[in-house]
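Read the structure below first, then the notes.
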């Protein structure tokens with residue numbers, strides 16, 4: 330039999346919706362997810378998508394608090410939760426926005442994203458992971474790297490987000506590997522660490538060669554039968570090397586923590602290790618949950 | 330009434346097929362085109378696609394010579410015309426490959442592409458434009474830039490292709506503007522020359538910032554209402570600036586001729602002008618036709 334939840338934690342991104350039923354001690358007791366990401370929903374589709382997923386956890390005759398982070402708070406989301414501007418702490422109980430819901434059992438609070446004025450930049454969802462990390466390490470002074478479709482480099486000091494920069498590395502990789510002429514040359518399985526390392530160092534040393542190094546992958550596949558897993562590792566290395574060259578002011582001489590998907594974090598870790606930097610990996614889902622718990626506590630406090 | 334052709338010139342690319350009926354004096358007397366590019370055809374589809382287009386120009390009771398350049402000679406084309414390796418003259422009558430045709434009226438000759446061993450690189454079609462240019466300027470010593478989906482920079486000396494480099498700039502622009510998160514920020518009309526110039530100079534000065542400068546376009550559109558035509562010009566400038574930084578060993582201190590689509594060539598010309606270089610534009614279609622004429626003459630000679 331399904332138990333009701335003390336409250337519900339929700340990570341609502343562009344392409345996925347993920348929810349946890351939480352007990353009174355802030356431990357997850359059930360988990361559910363669906364493909365009902367922000368991109369797939371019109372404004373009136375958010376409440377039904379949420380009810381589909383968490384309906385069984387709601388108290389039948391009361392109100393359940395739901396704390397959500399991510400693109401659900403974007404202009405095209407359920408309701409816009411306006412950005413908080415850097416420098417700022419990652420969580421602002423007073424800036425959370427209540428989403429309009431017809432079902433009286435729902436009290437949905439959306440965590441706002443964070444923006445930066447110059448250079449212009451935005452995040453939605455990562456601020457919650459940062460808050461989760463800082464809940465366990467409140468005195469951390471260093472850099473968080475959150476690799477993904479749009480990788481974030483975040484300078485954190487005295488509990489605040491000081492500045493950050495977003496690199497479109499993951500999205501460019503997906504487009505090149507899946508939709509460009511390189512799709513004929515790049516495999517989807519296996520990996521060549523040596524090719525990755527060579528490409529990272531190459532791109533860091535000569536970032537301006539990026540667009541021609543890309544085509545070399547295609548030509549090497551046609552002329553020299555470059556194996557698909559080697560081409561894939563090189564493509565990844567070129568992109569991550571270019572990013573590491575550009576993000577150097579963030580990571581050079583700093584303590585760096587990687588918060589992201591395990592495989593992707595390993596790749597960034599390998600890339601940083603080539604510059605002698607040992608980055609500390611942290612589990613992204615755990616940080617998200619810790620951040621949602623911190624938001625719940627801030628709201629209750 | 331349709332006249333028969335002395336011979337037929339064909340430019341057969343990845344996504345288009347274009348043909349000209351030529352008279353005995355090597356002047357085009359009729360032109361036709363279709364969307365039957367190499368990408369859309371199986372191996373047995375090439376002959377019917379060609380007959381659809383040029384059938385009316387064929388001598389009814391004789392053989393018509395057809396000279397074709399482009400991806401029709403790729404491994405996935407009608408028949409593979411193996412690459413000639415640099416350094417080499419752009420045209421090799423003896424390396425042309427006769428395509429197998431069931432219709433006895435067709436004598437189809439395919440011009441081979443050119444490859445480079447190190448760094449690995451390939452071209453198919455551009456060698457014919459280069460031959461066309463050199464037919465009129467046989468003593469040219471300098472650099473040809475052929476902007477397009479895969480822009481080529483070609484060092485030409487003593488009638489030979491000495492070396493070349495391909496940049497995937499056009500394809501990356503199309504993917505980012507059409508399929509990435511930037512599609513929400515980038516317009517399709519109008520242009521801002523000032524934004525283009527600023528982005529070119531920015532990318533040339535700090536090529537390693539490429540992936541973060543991309544996301545700034547998105548953030549500036551969300552936070553500062555950056556207008557779509559300005560975002561488009563900046564995206565183009567970032568990509569062309571990155572390419573100009575990487576292709577500097579080709580163009581610095583050289584005579585540069587641009588062979589390409591008029592609008593795209595103008596964009597490259599503006600970018601190069603920011604570094605004080607005045608590139609000479611040449612019409613791409615004229616160069617293709619001149620090259621096919623040169624191939625026909627080489628074959629007949």
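Residue numbers (the numbering used here), protein chains in the order written: chain A, 330 to 630; chain B, 330 to 630. Glycine included, C-beta positions come from ideal geometry on N, C-alpha and C. Quick caveat, the model's predicted, so the values are computed rather than measured.
query	result
9 Å Cβ cut-off: residues of chain A touching residue 484/B	Simply none; closest approach about 14 Å.
Continuous alpha helix (DSSP H) assignments of at least 4 residues falling wholly in the segment 417–484 of chain A	455–465
Exposure of residue 624/A, with buried meaning 16 or more beta-carbon neighbours within 10 Å	buried
Spatial neighbours of residue 467/A in its chain, beta-carbon cut-off 8 Å, leaving aside the 5 residues before and after	488
Rounded C-alpha distance that separates residue 378/B from residue 621/B	20 Å
Three-way DSSP call (helix, strand, coil) for residue 495/A in this model	strand
Endpoints, alpha helix (DSSP H) assigned at residue 533/B	522–534
Within chain B, the residues that residue 543/A reaches when beta carbons sit closer than 7 Å	497
Alpha-carbon to alpha-carbon, residue 538/B and residue 541/A	17 Å
Per-residue DSSP class, three states only, for residue 386/B	helix
Candidates 599/A, 355/A and 611/A, of which the one nearest residue 396/A by Cα	355/A
Length at least 4, wholly inside the segment 538–603 of chain B: the alpha helix (DSSP H) runs in chain order	539–553, 557–575, 577–580 and 591–602
Rounded separation between residue 524/B and residue 513/B - CA only	18 Å
Chain-ordered neighbours of residue 510/B on chain A, where CB pairs are closer than 7 Å	500
Which listed residue (608/A, 461/A and 564/A) has its alpha carbon closest to that of residue 595/A	608/A
Cβ-based burial, residue 362/A [other Cβ within 10 Å; buried from 16]	exposed
Chain-order list of residues whose beta-carbon lies under 6 Å from that of residue 616/A (same chain, five-residue window excluded)	458, 461, 462 and 588
Within chain B, the residues that residue 444/A reaches when beta carbons sit closer than 7 Å	552
Burial state of residue 483/A (16 or more Cβ within 10 Å)	buried
The segment 550–566 of chain B in contact with the segment 507–522 of chain B per 3-pair CB rule at 8 Å	yes
8 Å Cβ cut-off: residues of chain B touching residue 450/A	544, 545 and 548
Where residue 625/B falls: helix, strand or coil (DSSP)	helix
Straight-line gap, residue 628/B to residue 434/B (C-alpha atoms, nearest Å)	18 Å
Option in 380/B, 445/B and 575/B with minimal Cα separation from residue 415/B	445/B
Chain D within 8 Å of residue 526/A, Cβ atoms only	Given the protein chain composition of this structure (A and B), no chain D is represented.
Cutoff 8 Å; reference residue 630/A; Cβ partners in own chain excluding five residues on either side	422
Validate contact between the segment 445–454 of chain A and the segment 332–339 of chain A using beta carbons, cut 8 Å, 3 pairs	no
Contacts of residue 540/A in chain B (Cβ-Cβ under 7 Å)	496, 497, 498, 501, 571, 572 and 575
CB of residue 564/B within 8 Å of CB of residue 505/B, strictly	yes
Residue 407/B - partner residues in DSSP beta bridges	Looking at the DSSP assignment, residue 407/B forms no beta bridge with any residue, so it has no partner.
Min CB distance residue 536/A to chain B below 8 Å	yes
Residue 339/B: first and last residue of the uninterrupted beta strand (DSSP E) it sits in	336–341
Residues near residue 499/B in its chain [Cβ-Cβ closer than 8 Å; skip 5 each side]	476, 477, 478, 479, 480 and 593
Between the CA atoms of residue 547/A and residue 391/B - distance to the nearest angstrom	41 Å
CB contact flag (residue 493/A, residue 452/A, <8 Å)	yes
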